[in-house]
Amino acid sequence: MSASQPAAAAETAKPKLAFRPLPVPQVDVRGFWGDRVDAVAARTAGILYDRCVEARMLEQIDPDRPSPGVVIPFHSPSPDEADEQGAEFTGSTVTTQMFWDSDWGKTIETAAYSLYRRRNPELEKKIDAVIDMYGKLQQEDGYLSSWYQRIQPGLRWTNLRDCHELYCAGHLIEGAVAYYQATGKRKLLDIMSRYADHIADTFGPEPGKRKGYCGHEEIELALVKLARATGEKKYMDLAKYFIDQRGQQPHYFDEEARARGADPKAYHFKTYEYNQSHKPVREQDKVVGHAVRAMYLFSGMADIATEYGDDSLRAALNRLWDDLTTKSLYVTGGLGPSAHNEGFTSDYDLPNETAYAETCASVGLVFWANRMLGMGPNARYADMMERALYNGSISGLSLDGSLFFYENPLESRGGHHRWKWHRCPCCPPNIGRMVASIGSYFYGLADDALAVHLYGDSTARFEIAGQPVTLVQTSNYPWDGAVAVEVGPEAPVEFTLHLRIPAWCRKATLKVNGKMLDLDTATGDGYAAIRREWQKGDRVELDLEMSMARLFANPQVRQDIGRVALARGPLIYCVEETDNGGGLHRIALPRTARLEAHKEPNLLGGVVTLSAIGSKAEAENWGADLYRPEPPAAQETKLKAVPYFAWDNRDPGEMLVWLREG
């Protein structure tokens with residue numbers, strides 16, 4: 099089998115119009131995303147490997163070395179804990195982590211797609227050596243967990259609630275599928291298939307099997323990927339089982355705790371809302387708990403809803419989607435305001451300066467939105483995927499691919515900066531693998547349709563109705579809204595081409611071979627549908643007005659009342675001290691101020707900035723008084739805003755998304 103072609107998909111009760119993403123090797127990206135993939139391939143992938151080695155992660159997976167030493171608490175560290183123990187962790191102290199297998203899995207996945215983009219024999223050799231270690235570590239029955247084999251032997255499957263066992267398996271499975279697709283090498287895929295077989299023999303509804311599921315969701319969506327790559331239906335069925343079983347009574351985590359002699363109530367996070375197991379998934383209507391876990395769970399649910407045509411899961415997902423997007427989502431596509439639980443608090447609680455908004459959570463929202471599109475093109479999901487992609491997620495990676503954000507606040511007094519590494523290093527490889535695999539988010543393929551979810555320079559290769567087709571997008575998106583699509587089937591073939599019309603676009607036009615189409619007639623759920631017999635050389639032209647906008651928050655978001663955020667197309671903007679001086683909180687933007695867009699090819703890798711005339715309250719002449727009966731004087735000032743994803747790539751300083759109106 100060619101490494102660029104996926105294996106036959108697992109047979110399921112897949113509805114006819116299910117849309118599946120194109121595998122990464124079938125999509126080449128250029129332009130905006132091409133630059134970012136190149137940065138990951140050139141720098142990030144190697145950095146991830148090197149930092150894992152510096153953190154001494156190899157010692158935990160290498161059976162030929164002595165077992166590393168210090169066991170840490172089961173819960174993920176808070177930022178304060180990480181700071182106390184060294185966020186810039188270089189391995190001077192050996193503190194093992196139970197989720198290091200997951201970091202290796204994501205690092206392998208990032209490396210895999212980077213190797214597809216840019217051949218790197220040295221990196222490939224290093225990853226092959228890591229895979230060899232996992233091969234040596236794997237037990238005869240297929241079990242594979244460096245933590246339970248090297249740190250806490252004899253305790254496997256005794257604490258699914260806290261210890262990330264299946265979560266780690268999931269990330270290694272995703273890494274295995276990616277490495278096979280990108281290099282054609284099957285070793286890790288075979289290793290993880292054996293482990294998945296063991297998991298399927300251990301868990302399930304059959305008598306004698308455990309009725310559990312992971313406290314940190316991820317295995318579900320990974321098993322779907324494995325099923326699609328290998329054609330093994332049992333992996334899809336196991337993913338469905340984990341979804342169906344979650345939150346059922348008697349509660350597995352209670353029974354598991356009693357079995358190991360622990361009090362079920364002695365739970366660090368106090369409530370099963372933390373890991374979304376407080377009730378069966380089809381009964382859930384509120385997004386609660388740890389944000390990353392929630393996004394991974396909903397991603398798995400969406401995959402299963404797509405593959406099995408499960409309307410009950412789809413209904414639950416729509417309720418949860420509405421709850422998140424109307425009550426608990428930052429304008430950047432960030433989510434999870436609290437560091438305490440790395441997740442959700444209460445409706446409309448969206449603080450800016452203390453926003454946690456973990457990079458992994460926004461990446462997880464991209465995963466979820468993308469999988470909701472498996473049930474058919476719908477701009478409510480694709481628009482949000484785009485919002486999270488261009489803002490809340492890639493803000494977590496510096497433009498050169500070397501530094502990372504864990505938290506993504508919407509306001510900084512100048513002390514928040516990217517770091518080299520972290521004691522809980524989940525975010526660097528997560529943003530790395532997402533960027534490296536960005537081509538798989540551009541398109542969705544069904545039996546007789548192709549959906550274009552994202553715009554930008556790219557080439558897609560796929561087969562539809564038995565006919566090979568090449569589709570080429572040409573666009574300077576997101577800086578420009580003009581998109582040209584050339585369709586190149588080897589022979590004439592009929593199918594429907596779905597093109598997203600973003601909600602932020604006030605005016606759009608669509609032409610096929612120079613002939614204008616009526617968008618109102620052609621558009622449903624935010625996508626224009628063009629069905630025809632396509633012939634080589636057919637050309638579609640979509641022109642999206644890249645308009646600027648002022649955005650206002652629901653009045654119940656107390657932190658943003660009387661404030662405004664700026665957007666252009668899919669991008670959210672911010673002001674930085676390096677452009678506007680200090681004291682950004684003193685800037686006010688009148689509602690009548692005219693916004694202007696400026697192309698700046700030499701700034702931040704080439705961006706479009708926004709400018710306007712506002713005012714800035716004077717502090718210099720205020721004197722020593724803390725309070726006065728008169729307001730401070732204000733001076734006219736020209737403010738300059740840059741895309742949020744690009745902040746903290748220049749001189750350090752303050753940053754602000756939500757400006758005062760004045």
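Going by the working numbering, the letters in the sequence shown line up with residues 99 to 760, in that order. Even for Gly, the Cβ is constructed at its ideal location relative to N, Cα and C. Since we're looking at a predicted model, the values are computed, not measured.
In this chain, the beta strand (DSSP E) harbouring residue 626 covers 625–632. CA-CA distance, residue 144 to residue 389, rounds to 28 Å. For residue 540 against residue 125, the beta-carbon gap comes to about 6 Å, under 8 Å, which counts as contact. Straight-line measurement puts the Cα of residue 453 at about 10 Å from the Cα of residue 447.
Boundaries of the alpha helix (DSSP H) harbouring residue 676: 675–678, taken from the DSSP string. Straight-line spacing of the CA atoms in residue 623 and residue 157 works out to 51 Å.
Taking the C-beta atoms as reference points, residue 508 is found no nearer than 8 Å to residue 550.
A straight line joining the alpha-carbon of residue 642 with that of residue 675 spans about 32 Å. Beta-bridge partners assigned by DSSP to residue 661: 758.
Within the same chain, Cβ atoms closer than 8 Å to the Cβ of residue 206 are found at 225, 228, 229, 270, 273, 274, 276, 277, 286, the five residues on either side in sequence being excluded. Assignment of beta-bridge partners to residue 367 by DSSP yields no partner. In this structure residue 461 is not in contact with residue 536, their Cβ atoms being roughly 11 Å apart against a cut-off of 8 Å. At the C-beta level, residue 402 and residue 492 stay beyond 8 Å of one another.
The beta-bridge partner set that DSSP reports for residue 336 is empty. In terms of Cβ geometry, residue 258 and residue 354 form a close pair [threshold 8 Å]. In this structure, DSSP gives residue 150 a helical state, which the three-state scheme calls helix.
When only Cα atoms are considered, residue 248 and residue 264 end up about 16 Å apart. Put simply, the backbone Cα of residue 686 is about 20 Å away from that of residue 725.
CA-CA distance, residue 502 to residue 727, rounds to 45 Å. Excluding sequence positions up to five before and after residue 736, its CB lies within less than 7 Å of the CB of 709, 711, all in the same chain and listed in chain order.
Of 129, 363, 200, 564, the smallest CA-CA separation from residue 243 is found for 200. When the alpha-carbon of residue 267 is set against those of 280, 291, 250, the nearest one is in 291.
Separation of the CB atoms of residue 638 and residue 583 is rounded to 4 Å, and the pair is thereby assigned contact status at 8 Å. Taking a 10 Å sphere around the C-beta of residue 659, we find fewer than 16 other C-beta atoms and assign the residue as exposed. Secondary structure note for residue 712: its beta strand (DSSP E) is the uninterrupted segment 705–715.
Of the residues assessed, residue 253 falls on the exposed side of the cut-off, its CB having fewer than 16 other CB atoms within 10 angstroms. In this structure, residue 307 and residue 300 form a Cβ contact; the two beta carbons are roughly 6 Å apart against a cut-off of 8 Å. Separation of the CB atoms of residue 208 and residue 146 is rounded to 6 Å, and the pair is thereby assigned contact status at 8 Å. Counting only residues of its own chain and dropping the five nearest sequence neighbours on each side, residue 393 has a CB closer than 7 Å to the CB of 459, 462, 463, 465, 466. Here residue 737 carries a strand assignment [DSSP, helix/strand/coil]. Straight through space, the alpha carbons of residue 630 and residue 203 are spaced by roughly 42 Å. Within its own chain, the residues whose Cβ lies closer than 6 Å to the Cβ of residue 694, once the five positions on either side in sequence are excluded, are 709, listed in chain order.
Shortest Cα-Cα distance from residue 260 to any of 336, 372, 332, 232 involves 372.
DSSP places residue 444 in the coil class of the three-state scheme, outside both helix and strand. In this structure residue 163 is exposed. Its beta-carbon is surrounded by fewer than 16 other beta-carbon atoms within 10 angstroms.
No Cβ-Cβ contact shorter than 8 Å links residue 351 with residue 387.
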